[in-house]
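Let me begin by presenting the structure, written as structure tokens, before commenting on it.
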Amino acid sequence: MTISVPAAAGMTGAGFLLTCAVVFVIAVCGMIYEKVTGKQAFRPREPRSDYSPFTESLLTGESVTAYTAPVTAVTPGGITVSQPACCGRGHRSPGLAVSHAAAVARRIATTGR
């Protein structure tokens, strides 16, 4: 069996096989680590309770209620800006939606954007 690697990759056949061997060894070490310690080598960046309703519904396949709040602010130039929702993602509770809307209003009042 012959393995041909494009010359544009800048790698010889032996270099390609060495790279494949290193990747294989790293994958096996990860599987052994998980089996020995009983935990995953890499954890999610945020706990599941912090996921947005949209992400949670994608992961669970169930419908999750998302709350948004309207935003009204005045830019430094005196222009009144209103948005029907603070964001497109939504929040887990009405309180989080209202606090996010207030943060967006403060940002608009400070920077104009």
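Residue numbers for the sequence shown, in my numbering: 2 to 114.
Positions of the beta carbon are idealized from the N, C-alpha and C atoms, including for glycine.
According to DSSP, is residue i helix, strand or coil?
i: S83; result: strand
i: Y52; result: coil
i: A67; result: coil
Does residue i pass the burial test, meaning 16 or more other C-beta atoms within 10 Å, or should it be called exposed?
i: I109; result: buried
i: A9; result: For A9, the pLDDT reaches just 48, beneath the cut-off of 50, and the residue's location in the model is therefore unreliable, leaving the point undetermined.
i: V105; result: buried
i: C21; result: exposed
Let's see if you can read the secondary structure: which residues bound the alpha helix (DSSP H) around residue i?
i: T112; result: 95-112
i: T20; result: 14-38
Hey, could you find the ends of the beta strand (DSSP E) residue i is sitting in?
i: T73; result: 72-75
Is it the case that the stretch 69-76 contacts the stretch 28-36, given that we only count it when at least three CB pairs across the two stretches are under 8 Å?
no
Using 8 Å as the Cβ pair cut-off and three pairs as the minimum, do the stretch 84-98 and the stretch 51-59 touch?
yes
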